[in-house]
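Q: Mind having a look at this structure? Questions to follow.
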Amino acid sequence: MEPVEQIIDLITVVGVFAFAISGALTAMEKKLDLFGVFIIAFATAVGGGSLRDVIIADRSVFWLVEPIYTYIIIGGTAFSILFRKKLGYLKTTLSLFDTIGLALYTIIGVQIGIHMEFSGVSCIALGTITGSFGGVIRDILVNDVPLIFQKEIYATISIFGASLYYILHHLGNTGIWVQLLSIFSIIILRSIVVYFEIKLPGIYSKD
Amino acid sequence: MEPVEQIIDLITVVGVFAFAISGALTAMEKKLDLFGVFIIAFATAVGGGSLRDVIIADRSVFWLVEPIYTYIIIGGTAFSILFRKKLGYLKTTLSLFDTIGLALYTIIGVQIGIHMEFSGVSCIALGTITGSFGGVIRDILVNDVPLIFQKEIYATISIFGASLYYILHHLGNTGIWVQLLSIFSIIILRSIVVYFEIKLPGIYSKD
Amino acid sequence: MEPVEQIIDLITVVGVFAFAISGALTAMEKKLDLFGVFIIAFATAVGGGSLRDVIIADRSVFWLVEPIYTYIIIGGTAFSILFRKKLGYLKTTLSLFDTIGLALYTIIGVQIGIHMEFSGVSCIALGTITGSFGGVIRDILVNDVPLIFQKEIYATISIFGASLYYILHHLGNTGIWVQLLSIFSIIILRSIVVYFEIKLPGIYSKD
């Protein structure tokens, strides 16, 4: 395994961990019990990738095949419960990990679509689903209207990064730098959006 | 391709377009943002067929394989947003397209079940799922109790049309007229039900 | 077919029937209409096993392949509607069947995981999903926060029984007694928990 791949593996673990914490915090706000907190953490961390694997033929969901993800999520849940009073201080750090998770999951989704030889629009859809839909499933389970349907920048950035990666790949660029460029584009764009509190123009503004 | 098949293809496009508009209008009523409106339109238009493909082994969902559906839905979403103030006048037309979509999706679902050699009751279930469950998924995503659980005529007509097609096919009739008869039965029945505001007898009436 | 297998088949039928009644009663409390009551009964009875079949590659959901389940659920729905005013007296009996269903579904889920050669934690997850997630899907469809996220003992017992079965099997025990022991452990444990109203310690107690 090359150093770059090792770094990506490491960041993936961190991304899953961050997504799990994001889910556990939401569940604890809703005063769910231990099992509920774990399931919401689980659904947030692997929900997007699971939906991706379910809608593609002949794939068991990835966390059944690679049990390491379940252990990371158990760890993330335990961490969230133990340090739930101190996680407020960590919000910036968590948001960064969440962004890293979004970026990595998006590119992984596009890569699987390319591997399955789907069309461009389907590959980009798979990237967006993998990156964003853990949060949608989390919100459905705790009975909220999904957050990303109301703050579309999150998903829009995922669509942008997925498109960038697909186009570069389609033009014949297959080096690791294409992945890294797409991943960092998502991370930087989202950081800018969060920092400056940018919103897309609403569609109801003139009503 | 024969003329009849071309007509069915054309009507399918119209049905997807109408389902997408129905989803987009629901999402805009809930004041969702651009991405939310698109996702609800998407889920309404292809949710039933996706659930069907997911519960049958060895099938990728149809819209991953045929990207034309995604483009139609993007078009339907854009159309809904641009003309959202005028779509009130189009409600009757939209309701007709919605009915056509229900009819076509139902029969397509039964045909896939027959092709997979499932039993009659499973084929009818697949037809009903394909025809009706886009609306169920739409309602779950915007956090409502699904409409068809409260107004069962919609799904009941789908079950009736699916049963009619299955029985005629089972008796050895395989001509295009069997499809057309089943499709028009659904369209006419539903139009009658909507026009005369017919409801099935409630099960709580004597409570 | 041996007598023990016949007994298990018989109990399975009773479990599906009981789960269907549990779903139908929930739906009637929400004043859903005939079709809604049937769909909620259906989702409660086969939702866990369907989710299991969907996340494993190459499986159609079991009720498409074996239509007997659909007939049992139609029967359970009709039974619930006809006797809805008298089912209050049957609550203890129903709770017992519900527990039997939980126990059987849990062990069936683990067995399928072992057959697919998944790791221990994935087998236990499949058992818990098969046993508990019909109720989760029921609650999402009627727009409640899932009950088991707030009363975790139900799922915790499922996890315990699944672990017991997996460990015994992993240690080389493959006799029918391993299945029976695991099934009865779940039934007895849950009966004790319900009778004495035992709750796990909350995670918010010190807040």
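Protein chains in written order, with our numbering: chain A, 1342 to 1548; chain B, 1342 to 1548; chain C, 1342 to 1548. Quick reminder that beta carbons are idealized off the backbone N, C-alpha and C, glycines included. Just so you know, these numbers come straight off a predicted model, no measurement behind them.
1) Going by other Cβ atoms of all chains shown within 10 Å of its Cβ, with 16 needed for buried, is W1404/C buried or exposed?
2) Let me make sure I understand the geometry here. Which of L1351/C, V1378/C, L1482/C, I1352/C has the alpha-carbon closest to that of R1425/C?
3) Should D1399/C be labelled buried (16 or more other beta-carbon atoms within 10 Å of its own) or exposed?
4) Of all the CB atoms in chain D, is at least one closer than 8 Å to the CB of K1372/B?
5) Taking CB distances under 8 Å as the criterion, tell me whether V1451/A reaches chain C.
6) Which residues, in order along the region 1396–1430 of chain A, keep a beta-carbon less than 7 Å from a beta-carbon of chain B?
7) Enumerate in chain order the residues of its own chain whose CB-to-CB distance from D1548/A is below 8 Å, with the five nearest sequence positions on each side excluded.
8) Is it the case that the Cβ atoms of T1353/B and V1462/A are separated by a distance below 8 Å?
9) Consult DSSP for L1373/B and reduce its assignment to one of helix, strand or coil.
10) Please list, in chain order, the chain B residues whose beta carbon lies closer than 9 Å to that of R1481/A.
11) Give, in chain order, every residue of the region 1371–1394 of chain C whose Cβ lies closer than 8 Å to some Cβ of chain B.
12) Between the Cα of S1436/B and those of I1478/B, I1544/B, Q1520/B, V1534/B, spot the shortest distance and give me the residue it belongs to.
13) Using the C-alpha atoms, what's the distance from Y1507/A back to F1459/A?
14) If I measure Cβ to Cβ from C1312/C and keep anything under 6 Å in the same chain, skipping five residues before and after, which residues do I get?
15) Are three or more beta carbon pairs between the region 1516–1525 of chain A and the region 1469–1479 of chain A nearer than 8 Å?
16) I'd like to know if F1537/B contacts chain C, where contact means its C-beta is closer than 8 Å to some C-beta of that chain.
17) Does DSSP classify T1515/C as helix, strand or coil?
18) The alpha helix (DSSP H) spanning S1460/C covers which residue range?
19) Output needed for S1532/B: all residues of its chain with C-beta closer than 7 Å, excluding positions within five of it in sequence on either side, in chain order.
20) Taking C-alpha atoms, which residue in S1363/B, L1373/B, Y1536/B, L1509/B lies nearest to V1387/B?
21) Quick one: which chain A residues come within Cβ less than 9 Å of T1497/C?
22) Would a C-beta distance cut-off of 8 Å place L1482/B and I1397/B closer than the cut-off?
23) Identify, in the order they occur along the chain, each residue of the same chain with its Cβ nearer than 8 Å to the Cβ of S1401/A, setting aside the five sequence neighbours on each side.
24) Thinking just about the alpha-carbon of each residue, which of S1499/A, L1351/A, T1471/A is nearest to the one in I1409/A?
25) Leaving out the 5 sequence neighbours to the left and right, which residues in its chain are closer than 6 Å to V1355/A when beta-carbon positions are compared?
26) Please state whether DSSP places D1480/C in a helix, a strand or coil.
27) Within 8 Å of any Cβ in chain B, is that where the Cβ of Y1545/A sits?
28) Closer than 8 Å by beta-carbon distance: list the chain B residues that pair up with V1462/A, in chain order.
29) What three-state label does DSSP hand Y1506/B in the structure shown?
A: Let me spell this out:
1) Stepping through the third sequence from its first residue, residue 1404/C is reached at position 63. W1404/C comes out buried.
2) Within the third sequence, the letter at position 84 stands for residue 1425/C. Out of L1351/C, V1378/C, L1482/C, I1352/C, V1378/C has the C-alpha closest to the C-alpha of R1425/C.
3) In the third sequence, residue 1399/C corresponds to position 58, counting from 1. D1399/C is exposed by the Cβ-count criterion.
4) Any reference to chain D falls outside this structure, whose protein chains are A, B and C.
5) As a first step, residue 1451/A is located in the first sequence; it is residue number 110 there, counting from the start. Taking Cβ atoms only, chain C never reaches closer than 8 Å to V1451/A, which makes this a no.
6) I1396, I1397, A1398, D1399
7) In the first sequence, the residue the question calls residue 1548/A occupies position 207. Because D1548/A carries a pLDDT of 48, less than 50, the predicted location of this residue cannot be relied on, and no value is offered for it.
8) Reading the second sequence from its first residue, position 12 is the one you call residue 1353/B. Reading the first sequence from its first residue, position 121 is the one you call residue 1462/A. Taking 8 Å as the Cβ cut-off, T1353/B and V1462/A do not qualify as a contacting pair.
9) Residue numbering aside, residue 1373/B sits at position 32 when the second sequence is read from its first letter. Coil at L1373/B, not helix or strand.
10) Position 140 of the first sequence, counted from the first residue, corresponds to residue 1481/A. It should be pointed out that residue 1481/A corresponds to Ile in this sequence rather than to Arg. Per Cβ cutoff of 9 Å: I1481, L1482, N1484.
11) K1371, K1372, L1373, D1374, L1375, F1376, G1377, V1378, I1380, I1381, S1391, D1394
12) The sequence position of residue 1436/B within the second sequence is 95, counting from 1. Of the listed residues, the one whose Cα sits closest to S1436/B is V1534/B.
13) On the first sequence, position 118 is the one that residue 1459/A refers to. On the first sequence, position 166 is the one that residue 1507/A refers to. Spanning the two alpha carbons is a distance of roughly 11 Å.
14) Because chain C in this structure spans residues 1342 to 1548, residue 1312/C falls outside the shown range and cannot be described.
15) no
16) To locate residue 1537/B, count along the second sequence from 1; it is residue 196. Output row for F1537/B: interface = no.
17) Taking the first residue of the third sequence as position 1, residue 1515/C is located at position 174. T1515/C falls in the coil class under three-state DSSP.
18) The sequence position of residue 1460/C within the third sequence is 119, counting from 1. It is not in any alpha helix (DSSP H) - S1460/C carries neither H nor E in the DSSP assignment.
19) Numbered from its first residue, the second sequence carries residue 1532/B at position 191. So the qualifying residues of the chain are T1440.
20) On the second sequence, residue 1387/B is found 46 positions in, with the first residue counted as 1. The candidate whose alpha carbon is nearest that of V1387/B is S1363/B.
21) Here residue 1497/C corresponds to residue number 156 of the third sequence, with the count starting at 1. Here the neighbours are L1375, F1376.
22) Indexing the second sequence from 1 puts residue 1482/B at position 141. Indexing the second sequence from 1 puts residue 1397/B at position 56. No, Cβ-Cβ distance for L1482/B and I1397/B is not below 8 Å.
23) Taking the first residue of the first sequence as position 1, residue 1401/A is located at position 60. Around S1401/A: D1394.
24) Mapped onto the first sequence, residue 1409/A falls at position 68. Comparing Cα positions, the closest option is L1351/A.
25) One-based indexing of the first sequence puts residue 1355/A at position 14. Counting only Cβ-Cβ distances below 6 Å, and skipping sequence neighbours, we find F1438.
26) Counting from 1 along the third sequence, the entry for residue 1480/C is found at position 139. Three-state result, D1480/C: helix.
27) If you number the first sequence from 1, residue 1545/A lands on position 204. Yes - at least one Cβ of chain B is within 8 Å of the one on Y1545/A.
28) Position 121 of the first sequence, counted from the start, is the residue given in the question as residue 1462/A. In chain order: P1408, T1411, Y1412.
29) As a first step, residue 1506/B is located in the second sequence; it is residue number 165 there, counting from the start. DSSP places Y1506/B in helix when its eight states are reduced to three.
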